[in-house]
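*Asks:*
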Amino acid sequence: MKISFKNLLMGTIAAAALVSCASDGAIVVPEAPLEECVYMGDKTEFAVWAPDAEEAQLRLYHSASDEAAFKIVNMKLGKDGLWKAVVKEDVKGSLYTFQVKKNGKWLEETAGIAAKAVGVNGMRGAVVDWDETDPEGWAEDKSPEIRPSDIIVYELQHRDFSIHQTSGVSNKGKYLALTEEGTKNPDGLATGIDHLKEIGVTYVQLLPSTDFATIDETRLEDNQYNWGYEPLNYNAVEGSFSTDPYNPVTRIKEFKQMVQALHKAGFRVILDVVYNHTTNAANTGFERTMPGYFYRMREDGTFFDGSGCGNETASEQAMFRKYMIESLEWWMKEYHIDGFRFDLMAIHDIDTMNEISERLHKIDPAVVIYGEGWAASAPAYPAEKIALKANTYMMDKVGAFSDNIRDAVRGPLGCENAGFMDGVAGNKANVEFGIVGGIEHPQVTVEAWTSNPLQHVSYASCHDDHCLRDRLEVATKASEKERLAMVKLAQTAVYTSQGIPFIFNGEELYRHKQGVKNSYNKPDSINAIDWTYKTQYKDLVDYYAALAAIRHAHPGFCLGDAALVREKLQFIEVDDPCVVAFRISGLEGIDSAKSLIVVLNGSKKNVKVEIPKGNYVVLAQLGKADADGIGAYSGSHCAAGATSATILAEY
Numbered sequence: 000m001k002i003s004f005k006n007l008l009m010g011t012i013a014a015a016a017l018v019s020c021a022s023d024g025a026i027v028v029p030e031a032p033l034e035e036c037v038y039m040g041d042k043t044e045f046a047v048w049a050p051d052a053e054e055a056q057l058r059l060y061h062s063a064s065d066e067a068a069f070k071i072v073n074m075k076l077g078k079d080g081l082w083k084a085v086v087k088e089d090v091k092g093s094l095y096t097f098q099v100k101k102n103g104k105w106l107e108e109t110a111g112i113a114a115k116a117v118g119v120n121g122m123r124g125a126v127v128d129w130d131e132t133d134p135e136g137w138a139e140d141k142s143p144e145i146r147p148s149d150i151i152v153y154e155l156q157h158r159d160f161s162i163h164q165t166s167g168v169s170n171k172g173k174y175l176a177l178t179e180e181g182t183k184n185p186d187g188l189a190t191g192i193d194h195l196k197e198i199g200v201t202y203v204q205l206l207p208s209t210d211f212a213t214i215d216e217t218r219l220e221d222n223q224y225n226w227g228y229e230p231l232n233y234n235a236v237e238g239s240f241s242t243d244p245y246n247p248v249t250r251i252k253e254f255k256q257m258v259q260a261l262h263k264a265g266f267r268v269i270l271d272v273v274y275n276h277t278t279n280a281a282n283t284g285f286e287r288t289m290p291g292y293f294y295r296m297r298e299d300g301t302f303f304d305g306s307g308c309g310n311e312t313a314s315e316q317a318m319f320r321k322y323m324i325e326s327l328e329w330w331m332k333e334y335h336i337d338g339f340r341f342d343l344m345a346i347h348d349i350d351t352m353n354e355i356s357e358r359l360h361k362i363d364p365a366v367v368i369y370g371e372g373w374a375a376s377a378p379a380y381p382a383e384k385i386a387l388k389a390n391t392y393m394m395d396k397v398g399a400f401s402d403n404i405r406d407a408v409r410g411p412l413g414c415e416n417a418g419f420m421d422g423v424a425g426n427k428a429n430v431e432f433g434i435v436g437g438i439e440h441p442q443v444t445v446e447a448w449t450s451n452p453l454q455h456v457s458y459a460s461c462h463d464d465h466c467l468r469d470r471l472e473v474a475t476k477a478s479e480k481e482r483l484a485m486v487k488l489a490q491t492a493v494y495t496s497q498g499i500p501f502i503f504n505g506e507e508l509y510r511h512k513q514g515v516k517n518s519y520n521k522p523d524s525i526n527a528i529d530w531t532y533k534t535q536y537k538d539l540v541d542y543y544a545a546l547a548a549i550r551h552a553h554p555g556f557c558l559g560d561a562a563l564v565r566e567k568l569q570f571i572e573v574d575d576p577c578v579v580a581f582r583i584s585g586l587e588g589i590d591s592a593k594s595l596i597v598v599l600n601g602s603k604k605n606v607k608v609e610i611p612k613g614n615y616v617v618l619a620q621l622g623k624a625d626a627d628g629i630g631a632y633s634g635s636h637c638a639a640g641a642t643s644a645t646i647l648a649e650y
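The C-terminal residue of the sequence shown carries number 650 in numbering that gives the first Met the number 0, and the numbering is unbroken.
(1) Where does S22 land, buried or exposed, given buried means 16+ other C-beta within 10 angstroms?
(2) Using the Cα positions of G437 and K396, report the straight-line distance between them to the nearest angstrom.
(3) So Y60 is in the beta strand (DSSP E); what residue range does that whole segment cover?
(4) On the three-state DSSP scale, how would you describe A545?
(5) For the beta strand (DSSP E) that L618 lies in, which residues bound it at each end?
(6) Shortest alpha-carbon distance to L94 belongs to which of S64, Y650, K42?
(7) Which class does S635 belong to by DSSP, given the choice of helix, strand or coil?
(8) Short of 6 Å in beta carbon distance, which residues of its chain neighbour E653, apart from the five on each side in sequence? Order them along the chain.
(9) In the structure shown, what three-state DSSP assignment does R297 receive?
(10) Please classify V443 as buried or exposed, where buried requires at least 16 neighbouring CB atoms within 10 angstroms.
(11) Return the chain-ordered list of same chain residues with a C-beta closer than 7 Å to the C-beta of I145, the five sequence neighbours on each side being excluded.
(12) Can you grab the Cα-Cα spacing for the pair E179 / H440, in whole Å?
(13) Indicate whether the contact test is met: 3 or more Cβ pairs, each with one atom in the segment 148 to 167 and one in the segment 500 to 510, closer than 8 Å.
(14) Given a cut-off of 9 Å on the beta-carbon distance, is the pair P452 and Q497 in contact?
(15) Is it the case that the Cβ atoms of H551 and A447 are separated by a distance below 9 Å?
(16) Any idea if Y322 is buried or exposed, counting beta-carbon neighbours within 10 angstroms, 16 or more meaning buried?
(17) Look at the alpha carbon of L17 and the alpha carbon of I368, and state the distance between them as a whole number of angstroms.
(18) If you reduce the DSSP assignment to three classes, tell me which class S93 lands in.
(19) Going straight from the alpha carbon of R287 to that of S142, what length do you get?
(20) With respect to the alpha helix (DSSP H) encompassing E328, which residues constitute its N-terminal and C-terminal limits?
(21) List the whole-angstrom C-beta distance separating G634 from K604, where the pair is believed to meet the contact cut-off of C-beta under 8 Å.
(22) Ignore the nearest five residues each way along the sequence and tell me which others in V408's own chain have a CB closer than 6 Å to its CB.
(23) What distance in whole Å lies between the Cβ atoms of C308 and H347, which are believed to be in contact at a cut-off of 8 Å?
(24) Report the rounded CA-to-CA distance for T391 versus G559, giving the unit in angstroms.
(25) Which residues share a DSSP beta bridge with W105?
(26) Output yes or no for whether 9 Å exceeds the beta carbon distance between V119 and A235.
(27) Could you check whether the segment 371 to 381 touches the segment 303 to 318, counting it as contact only if at least three pairs of C-beta atoms, one from each stretch, sit closer than 8 Å?
(28) Among N353, N310, T301, G514, which has the Cα closest to the Cα of I324?
(29) For A648 versus L595, is the C-beta distance shorter than 9 Å?
(30) Under 9 Å, Cβ to Cβ, is there at least one residue of chain D near P522?
(31) To test your reading of the DSSP string, which unbroken alpha helix (DSSP H) runs of 4 or more residues are found completely within the segment 379 to 417?
(32) For G338, tell me which candidate among D350, Y224, I349, I355 has the shortest Cα-Cα distance.
(33) Could you tell me which residues DSSP pairs with K70 in its beta bridges?
(34) Is DSSP giving H276 helix, strand or coil here?
(35) Looking only at C-alpha atoms, which of I385, W373, N184, M331 sits nearest to I362?
(36) Can you tell me where the alpha helix (DSSP H) holding P247 begins and where it ends?
In structure tokens form, the structure reads like this:
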């Protein structure tokens with residue numbers, strides 16, 4: 000998110016004062032799933048959760064611009080805390096709001112807390128026939144089967160990916176951009192979804208695509224830009240990436256078309272979710288139905304702000320925990336989403352994350368769940384009970400981003416050096432920690448925070464902070480040739496890690512953002528990916544593709560079990576602070592190779608590393624890589640050139 004690198008909390012933190020809001024013991028939480036609008040043709044059922052309200056009304060509108068409702072219906076309170084109303088006529092296409100009275104005062108209108116379809120800018124819910132939102136063949140849509148060892152995540156922002164004039168995409172900046180095949184840059188090289196196939200990634204992680212508040216959907220001609228980490232309606236699709244934000248059905252159908260096309264092309268889809276905070280709280284359904292309940296509040300009525308965005312939500316509250324779980328289930332069942340990335344996950348409590356994991360794995364045993372194991376400042380909840388990176392081992396099948404390997408390979412945030420990839424000493428231990436996937440290992444000195452290596456998300460850059468190219472241009476005086484060698488070295492560490500490899504969209508093209516660290520609201524001139532870079536830096540693109548092919552061909556790089564990693568992965572002693580070497584052996588029955596050897600040489604000199612004598616196929620060396628091999632080697636010493644990686648396979 001836009002502030003997640005300011006005042007980060009990467010380890011344990013002191014607990015702040017506990018939330019002072021209504022106890023769940025006094026609040027009625029419905030057992031049935033929350034359904035605020037259910038369209039049934041000749042009638043529609045509405046419900047809003049506001050158990051301590053004095054009155055509630057439903058208002059129906061013909062359009063988002065209408066000032067007056069064409070129908071106002073008084074709602075009735077049930078024992079489950081839900082105010083309900085039934086409109087016995089066909090109101091498909093209408094927009095609706097709820098309004099509740101508390102302490103003798105009518106609060107502002109709201110689309111509710113769980114609107115699944117919304118009008119332009121999301122301030123009113125929409126009555127839709129969900130059968131009309133399905134593209135042709137949607138019932139047959141299936142997620143591809145992908146082995147854990149083949150998971151490679153590509154983080155993608157819709158506008159970045161396709162808005163540039165060189166993308167060759169017709170639906171630039173839209174969901175539909177990811178449905179177009181055969182798109183090319185001016186030199187005839189593949190772009191868009193075909194490019195993703197070429198580079199071997201298997202999961203596409205979408206930056207926030209749920210309805211957010213920071214783009215005015217009535218003024219899209221102004222080319223507004225925002226990452227979207229200011230959520231408004233968690234269960235509805237963002238309209239600015241659709242071709243018609245005024246039509247609720249259009250945005251839903253186009254999002255589904257995108258997911259369908261990605262699945263058909265062999266990718267699974269991860270959604271970046273931002274349950275840790277909302278946009279301006281006063282504008283949300285939470286504060287307009289149950290003020291103070293969904294957030295952690297101080298005794299004086301102000302908001303705690305562990306998110307750095309003005310508020311932090313209270314996942315420990317029974318209704319918000321229920322809400323999060325049902326929201327995620329909705330995205331899986333209705334939109335066929337395959338995984339979730341949690342923004343500032345450390346604001347959420349561990350019990351909620353474990354219940355989320357249990358419920359979502361019942362829907363799809365292969366669902367992928369991970370998040371940022373930190374917050375912007377100390378959340379108002381005990382440190383031992385929240386989903387900090389340090390507590391990852393306490394969560395079941397929930398992973399976290401590893402700032403250990405990130406900071407080691409590229410230099411710590413705020414530090415004026417480029418780390419291991421630029422020959423800076425002091426990073427070896429954290430590179431090794433990343434290689435084993437954050438588990439306890441007898442040769443690793445960094446304290447473990449995962450119980451399974453697949454809980455460790457290995458990466459060198461993401462949307463936050465400098466992309467790799469900008470980082471190198473800020474932190475080194477090296478030539479471009481030398482910097483490209485550093486990128487290859489850093490990514491070889493990521494791709495040979497026992498964790499989940501993760502790359503940022505366009506970094507394989509050597510993209511830049513003109514040195515801007517926090518580009519969350521900057522124009523296309525900063526954020527758009529120039530696809531002519533694929534021509535200019537084709538050698539780098541090919542290297543990324545080769546790394547992916549090597550990983551896919553060799554599941555030994557992802558053993559998926561801590562005990563197996565401790566048994567089969569051994570580091571080779573090298574008396575150089577900028578050289579990491581390791582061997583994965585005993586792979587019969589796991590891999591086509593008997594053993595794999597990797598030497599990561601961050602130093603500025605060539606090195607020779609002693610290895611078991613044998614006959615090897617060279618998979619990578621001196622900035623070149625190929626899963627089928629680029630040569631053969633027989634002997635007991637592995638030569639590694641300066642600022643480069645060597646990968647050997649013994650068959």
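In this text, a Cβ means the ideal position worked out from N, Cα and C, and glycines have one as well.
*Replies:* According to the structure shown:
(1) Locating residue 22 in the sequence shown gives position 23, counting from the first residue. Low local confidence applies: a pLDDT of 39 at S22 is under 50, so the model's placement there is unreliable, with the coordinate-based value given in what follows. Exposed, since its Cβ has fewer than 16 Cβ neighbours within 10 Å.
(2) Here residue 437 corresponds to residue number 438 of the sequence shown, with the count starting at 1. Here residue 396 corresponds to residue number 397 of the sequence shown, with the count starting at 1. Distance between the alpha carbons of G437 and K396: 14 Å.
(3) Stepping through the sequence shown from its first residue, residue 60 is reached at position 61. First-last of the beta strand (DSSP E) with Y60: 54 to 60.
(4) Reading the sequence shown from its first residue, position 546 is the one you call residue 545. If DSSP states are grouped into helix, strand and coil, A545 belongs with the helices.
(5) For the purposes of this step, residue 618 is taken as residue 619 along the sequence shown, with counting starting at 1. That run of the beta strand (DSSP E) goes 606 to 620.
(6) As a first step, residue 94 is located in the sequence shown; it is residue number 95 there, counting from the start. Comparing Cα-Cα distances from L94 to each of S64, Y650, K42, the minimum goes to S64.
(7) Position 636 of the sequence shown, counted from the first residue, corresponds to residue 635. Note: S635 maps to strand in three-state DSSP.
(8) In the structure displayed, the chain extends from 0 to 650; residue 653 sits before or after that span and is not available.
(9) Position 298 of the sequence shown, counted from the start, is the residue given in the question as residue 297. R297: coil per DSSP, three-state reduction.
(10) Residue mapping note: residue 443 aligns to position 444 of the sequence shown, counting from 1. With 16 or more Cβ atoms within 10 Å of its Cβ, V443 is classed as buried.
(11) The residue you call residue 145 lines up with position 146 of the sequence shown. Taken in chain order, the residues that qualify are T201, R267.
(12) Locating residue 179 in the sequence shown gives position 180, counting from the first residue. Locating residue 440 in the sequence shown gives position 441, counting from the first residue. C-alpha separation (whole angstroms): 45 Å.
(13) yes
(14) Position 453 of the sequence shown, counting from 1, holds the residue named residue 452. Position 498 of the sequence shown, counting from 1, holds the residue named residue 497. Yes; because the gap between Cβ atoms is below 9 Å, this pair is in contact.
(15) Here residue 551 refers to the residue found at position 552 of the sequence shown. Here residue 447 refers to the residue found at position 448 of the sequence shown. Not closer than 9 Å, so no.
(16) Residue 322 sits at position 323 when you count from the first residue of the sequence shown. Buried, by the Cβ-count rule.
(17) Taking the first residue of the sequence shown as 1, we reach residue 17 at position 18. Taking the first residue of the sequence shown as 1, we reach residue 368 at position 369. Caution applies to L17, whose pLDDT of 34 falls short of 50 and renders its modelled position unreliable; the value that the coordinates give is listed next. Looking at the two C-alpha atoms, the distance is approximately 27 Å.
(18) Taking the sequence shown and counting its residues from 1, one reaches residue 93 at position 94. Reduced to three states, the DSSP call for S93 is coil.
(19) In the sequence shown, the residue the question calls residue 287 occupies position 288. In the sequence shown, the residue the question calls residue 142 occupies position 143. Their backbone Cα atoms lie some 38 Å apart in a straight line.
(20) Here residue 328 corresponds to residue number 329 of the sequence shown, with the count starting at 1. E328 -> alpha helix (DSSP H) spans 317 to 334.
(21) Residue 634 sits at position 635 when you count from the first residue of the sequence shown. Residue 604 sits at position 605 when you count from the first residue of the sequence shown. Wrong, their Cβ atoms sit about 20 Å apart, outside the cutoff.
(22) As a working note, residue 408 is residue 409 in the sequence shown. Excluding positions up to five away in sequence, the list reads G418, F419, M420, A459, A489, A492.
(23) Taking the first residue of the sequence shown as 1, we reach residue 347 at position 348. Taking the first residue of the sequence shown as 1, we reach residue 308 at position 309. Between C308 and H347 the Cβ distance is about 15 Å, and since that is not below 8 Å, they are no contact.
(24) As a first step, residue 391 is located in the sequence shown; it is residue number 392 there, counting from the start. As a first step, residue 559 is located in the sequence shown; it is residue number 560 there, counting from the start. Using only the alpha carbons, I get a separation of about 16 Å.
(25) Start at 1 with the first residue of the sequence shown, and residue 105 comes out as number 106. K100.
(26) Taking the first residue of the sequence shown as 1, we reach residue 119 at position 120. Taking the first residue of the sequence shown as 1, we reach residue 235 at position 236. Cβ distance not < 9 Å, so V119 and A235 don't count as in contact.
(27) yes
(28) Your numbering for residue 324 matches position 325 in the sequence shown. I324 has its Cα closest to that of N353, out of N353, N310, T301, G514.
(29) Along the sequence shown, read from residue 1 onward, the residue named residue 648 stands at position 649. Along the sequence shown, read from residue 1 onward, the residue named residue 595 stands at position 596. Going by C-beta atoms, A648 is nearer than 9 Å to L595.
(30) Here there is only one protein chain, and chain D is not present.
(31) 402 to 409
(32) As a first step, residue 338 is located in the sequence shown; it is residue number 339 there, counting from the start. The shortest Cα separation from G338 among D350, Y224, I349, I355 belongs to I355.
(33) As a first step, residue 70 is located in the sequence shown; it is residue number 71 there, counting from the start. Beta-bridge pairing links K70 to L59.
(34) Walking along the sequence shown from the start, residue 276 turns up at place 277. Here H276 sits in coil by DSSP.
(35) For the purposes of this step, residue 362 is identified with residue 363 of the sequence shown, where counting begins at 1. Checked all of I385, W373, N184, M331; the closest Cα to I362 is M331.
(36) One-based indexing of the sequence shown puts residue 247 at position 248. Its alpha helix (DSSP H) spans residues 247 to 263.
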